[in-house]
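These notes concern the structure reproduced below.
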Amino acid sequence: MKFLVTIILALVLLTLESVFVQQAGLVLGRVDVTVVLVAFLALRASLTEGACSAFAVGYLLDLMSGQPTGLFTFLAVFTFLVGRLVASFVDVRGPVAFALFAMGADLGHGLLSTFFTWLTVKDGHTAPLLAGMPVQLALTGAAALLLFPLFKRFEVAQERPAGLLR
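Quick note: the sequence shown uses this note's numbering, first residue 9, plus one each step.
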């Protein structure tokens with residue numbers, strides 16, 4: 009996916025996520041659509057394009073989350089790089105495999121964000137974050153199943169050579 013399309017898609021998905029979480033009344037869990045987007049980038053984007061896009065997606069999540077500044081920017085790039093490494097060992101082609109891949113990425117992302125939050129928060133209470141992890145993983149897996157065809161459509165649209173008549 010191209011950089012600008014990724015940024016616009018991340019803004020739309022973050023907006024939809026925040027509206028869904030608020031309307032559904034989720035207290036302990038959330039849908040981590042940014043990790044789904046970063047997981048897809050880890051599978052399909054080149055190293056430079058994917059790392060820059062992951063940085064931008066993480067920065068947007070930093071702006072909208074209220075967590076310590078730079079946390080999600082770092083974690084998005086780290087998740088992208090680890091996802092690239094894992095993708096060299098596993099074959100992810102279908103939507104179910106992608107959902108499992110995204111759930112694994114979300115598990116690592118969630119555990120690392122909880123750990124770094126625990127390091128930076130004065131009182132150190134991160135038990136609610138860990139208690140909501142199973143709900144978050146399930147919602148992220150469902151979102152990955154729904155978003156996989158959309159991501160594939162954007163990927164195919166970007167691969168068309170310009171100037172050819174059909």
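Don't be surprised by glycine CBs; every beta carbon is placed ideally from N, CA and C.
Where the alpha helix (DSSP H) containing residue i begins and where it ends
i    : result
D114 : 103-128
S26  : 11-32
F48  : 41-52
Contacts around residue i, its chain only, beta-carbon distance under 6 Å, and the 5 residues preceding and following it disregarded
i   : result
E25 : V39, V41
T14 : S61
L79 : F124
C-beta atoms of residue i and residue j nearer than 9 Å
i    : j    : result
L21  : L155 : yes
A50  : A113 : yes
A64  : F124 : no
T148 : V43  : yes
L68  : L19  : yes
F109 : V129 : no
C88  : G58  : Looking at the sequence itself, residue 88 is Phe, so the reference to Cys does not match. Closer than 9 Å, so yes.
Classification of residue i by the beta-carbon crowding that lies within 10 angstroms, buried from 16 upward
i    : result
A146 : exposed
L127 : exposed
Q31  : exposed
T23  : exposed
Sequence-distant residues of its chain with Cβ nearer than 7 Å to residue i (five each side left out)
i   : result
C77 : The sequence given here places Thr at residue 77; Cys does not occur at that position. D70.
key: Every unbroken beta strand (DSSP E) inside the region 59-88 [3 residues or more]   = Secondary structure remark: continuous beta strand (DSSP E) runs of at least 3 residues inside the region 59-88: none found.
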